[in-house]
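Structure first, then comments.
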Amino acid sequence: MSQPTEHSPVAPSAAHHDGTAPAAPAPGSPAGGSTTKSTLEKARRDKLEKLRGLGLDPWGKRYDGATPIGQVREVGETLDKSPEFSGGPTVRVAGRIMLLRSAGSLVFIDLVDRTGRIQIMLGKKQVGPDAWKIIDCLDLGDLVGFDGRLGHSKTGEMTVFASGVEFLTKSLETPPDKFHGLVDADLRQRMRYLDLIHGEGVRDRFVARCRIVEAVRRVLTSRGYLEVEGPTLQESAGGAAARPFKTHHNALDMPLVLRIALELHLKRLLVGGMERVFELGRVYRNEGVSPRHNPEFTMMEAYEAYGDYFTMMDLTEAIFLEAAQAAGTPTRFEWMGHTVDLTPPFRRAKYDDLLAEVTGCNPADPASVAAAAAAQGIETAGRHADVIKSDLFEATVEKTLSGPVFVIDYPAAICPLTKRKADAPHVAERFELYVAGIELANAYTELNDPDLQEELFRTQLAGLAQEESMARMDTDFIRALRHGMPPAGGLGIGIDRLVMFLTAAPSIRDVILFPIHRPHAES
RNA sequence: GAGGCUGUAGCUCAGUCGGUAGAGCAUCGGACUUUUAAUCCGUUGGUCCUGGGUUCGAGUCCCAGCAGCCUCACCA
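Heads up: the first sequence runs through residues 450 to 972, numbered per the working numbering.
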């Protein structure tokens, strides 16, 4: 067979000593042909100039009439499946070149758009000499449009047999490894656009996020809730226990904080007669970063006048089921090492009962709780009994909750925004929804007694620093309550965690397109 | 904030006992009108994260730093 040495500009045959030959650069490869990052780019820029030389714009233009590849595939499924059948309808597709296989004057391309992937076949004879010059300029990652008959190749692969080519956009960067894609977690998040192109299931997960958010809105609006927008810049951050981000308004010369919750402004709207309201938006907490925490995340809070926390349990189930359906989540699956089952109704278990069950202590007896807490290494001296109980619950019970399970009836002292049970004032009408040991939702029968609310804002629990408490005085909010807030149920759902759950993602960074990152020194 | 692991070519990864830096993909050149991560022949490509130290000699050992991941703490 013909040896490459026949075509080599360097001395033919010559006993093949590797060390001697490579001194002379091949005439066909300019600049001696190194393949550092910059020369990989140069190879692409050379092709870009070649396209310009053909009178084509390497950045393309409007390209009408392309059919989504997913739809093309549906048509293809109905066609004659016999090999080399190319008699299907003429279609136009546009997308990114993911794979490029050349077999001499025959080229196969895997083209991808938002709906799918399809093979394009280009024959030198079939497309003609002018179009073939464009084929010579193609690289992995370029965006191209094709016209051609739909059919099946010799091996049965659905194929567009191209007759026309429209160059749409040059890619100047080398794409990631075509088989492994982008693996490095850091690069995947910093260059999410590449992750979306090459990552297995990445785009599907973010599409699922959109569907989930749509479903949440659908359930609420269908029940007569109005979507509103509260202020993200606030004088003081209330409604949750977290440190806020601080900023400053220049013209007003006043310090401001970014909101940490949506609660207090939505309740003002209940006072204002907006009896069913919700907000779906970003909140900011200046706390640690972890697989379950990002400094900015998306919260949905909903408030319904004349409801209570049981109303909110029903609402929560409706939202979860609709969202699961929208995301295509199976009824039963594995997440974070737990087997979860979405079949309604979700289990409901009392806080104290779970505590007794898991730790064996007597939740009604502070001494018994303190002893169990001490056994877990929890500090008890000088701390409020309910704070100790809460720490014990988190240390022991939370991780056992596969769920979904509504944990109901919380110790009142750690719930300063919640109505107390009429017949048991030490118990708050609150639930948290747990799945796989992770809190996904939190709801109250809302406290609407302005005098009690003011007292709870003033009372700092022993063992809790000011900034660790959600009891933060807000006199304007108290005044609003004094005008009369209807009895109500309120619900908060962490949307990112909901998406994690319904897509079985192990990290919150998998469901946030651009999670927080330290800057890289490079670039 | 503490500990563990990791950082090598554009991407994915090897690198033994401390002795001149390796592979696949990508690039470039060549063969091929039915490929499927095409294949085959050839070619090219390195701030071994950064800075010190030990050593005749460091990708490798030591120290410090930077970044990422994980666990814990924090985030009720």
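Just so you know, even glycine gets a beta-carbon here, dropped at the ideal spot from N, CA and C.
Burial check for Phe963: the Cβ neighbour count within 10 Å stays below 16, so the residue is exposed. In this structure, Leu571 sits near Val556, with a CB-CB distance shorter than 8 Å.
By the CB criterion at 8 Å, Ile709 and Gly688 fall inside the cutoff.
In chain order, Ile927, Leu930, Arg931 place their CB closer than 6 Å to the CB of Pro899, counting only its own chain and leaving out the 5 sequence neighbours on each side. Distances from the CA of Asp790 to each of Tyr883, Asp596, Val846 were compared; the closest alpha carbon is that of Tyr883.
Taking every protein chain shown into account, the CB of Phe795 has 16 or more other CB atoms within 10 angstroms, so this residue is buried. Taking every protein chain shown into account, the CB of Arg958 has 16 or more other CB atoms within 10 angstroms, so this residue is buried. Pairwise C-beta distances place the segment 508-517 in contact with the segment 615-622, as three or more of them are shorter than 8 Å.
By the criterion of at least three beta-carbon pairs nearer than 8 Å, the segment 755-763 is not in contact with the segment 814-823.
For Ile558, same chain residues with a beta-carbon under 6 Å away, outside a window of 5 residues either side, are Ile546, Leu549, Ile569 in chain order.
The beta-carbon distance between Val726 and Leu675, rounded to whole angstroms, is 5 Å. This is short enough to meet the 8 Å contact definition.
DSSP places Ala821 in the helix class (H, G or I) of the three-state scheme. Under DSSP, the beta-bridge partners assigned to Ala611 are Gly597. With respect to the 8 Å criterion, Lys868 and Glu895 are classified as neighbours on the basis of their beta carbons. 8 Å or more divides the Cβ of Tyr752 from the Cβ of Leu804.
Residue pairing by DSSP puts Phe727 in a beta bridge opposite Glu676, Ala751. Secondary structure of Tyr512 (DSSP, three-state): coil.
Note that the C-beta distance between Tyr733 and Phe769 is not below 8 Å. By alpha-carbon distance to Cys586, the top candidate from Lys496, Leu707, Gly943 is Lys496. In this structure, Ala515 is the residue among Ala515, Ala873, Glu771 with its C-alpha nearest to the C-alpha of Asp596. Around His714, the same chain offers Gly679, Pro680 as residues with beta carbons nearer than 7 Å, after the five sequence neighbours per side are excluded.
Comparing alpha carbon positions, the residue from Glu736, Ile863, Cys810, Glu526 closest to Ala877 is Ile863. With a contact defined as Cβ atoms closer than 8 Å, Pro874 and Ala754 miss out at about 23 Å. Taking the Cβ atoms as the reference, Thr788 lies roughly 43 Å from Ser685, outside the contact range of under 8 Å. In terms of Cα proximity to Leu503, the closest of Arg494, Gly519, Asp579, Arg541 is Asp579. Judged by DSSP secondary structure, Lys695 falls within the beta strand (DSSP E) whose first and last residues are 695-698.
Gly941 places its beta carbon less than 8 Å from that of Ala890.
Annotation for Glu490: Leu621 place their beta carbon closer than 6 Å to its own, counting only its chain and skipping 5 residues before and after.
Under the 8 Å Cβ criterion, the segment 767-783 does not count as touching the segment 824-839, having fewer than three qualifying pairs. If you ignore the 5 residues before and after Phe746, its C-beta comes within less than 6 Å of the C-beta of Asp945, all in its own chain and listed in chain order. Note that the C-beta distance between Tyr512 and Gly594 is below 8 Å.
DSSP places Pro704 in the strand class (E or B) of the three-state scheme.
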